[in-house]
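In what follows, a structure is listed as structure tokens, so that the remarks can point back to it.
In the numbering used here, the protein residues as written are 37 to 186.
So, in structure tokens, the structure goes:
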């Protein structure tokens, strides 16, 4: 006997220029999902001189387990809490915040986080340099050889 899925189907609409656009969203959200445009102007040292950020269409999902997910259609780094505030999410009210990134989430979330836990993930943005294969690097080179002197 098949089990009944807990997912619900919602229709989300938003204004695109002079016309209305809409889509169906299949998720476990407790309420209809508003879509937003994530465009920010930031000026902080953590943005490395960049001021304008565009995350594209952004959606905030609230699951039945009280997890909040912020999804964007365009790549945008976690460089400021303003990214969460702009879509109505207050990270300081959460018990745990997971932010993907090697360096950029630290200046954003360190002021509100009592502890930062680093998780090494595979890929081109890993913080563990020993996972890469180097063919033409000099030796010794810190941090690969801990006893390297210059």
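Even glycine gets a Cβ: it sits at the ideal position worked out from N, Cα and C.
Check: Can you give me the C-alpha to C-alpha distance between residue 100 and residue 179, rounded to a whole angstrom?; Outcome: 44 Å
Check: Could you tell me if residue 169 is buried or exposed, where buried requires 16 or more neighbouring beta carbons within 10 angstroms of its beta carbon?; Outcome: exposed
Check: Look at the Cβ atom of residue 152, then the Cβ atom of residue 144, and state whether they are nearer than 8 Å.; Outcome: no
Check: For residue 119, is the classification buried or exposed, using 16 other Cβ atoms within 10 angstroms of its Cβ as the cut-off for buried?; Outcome: buried
Check: Grouping DSSP H, G and I as helix and E and B as strand, with all else coil, what is residue 152?; Outcome: coil
Check: With a threshold of 16 other CB atoms inside 10 Å of the CB of residue 60, please say whether the residue is buried or exposed.; Outcome: With a pLDDT of only 48 at residue 60, under 50, the local geometry of the prediction cannot be trusted, and no value is derived from it.
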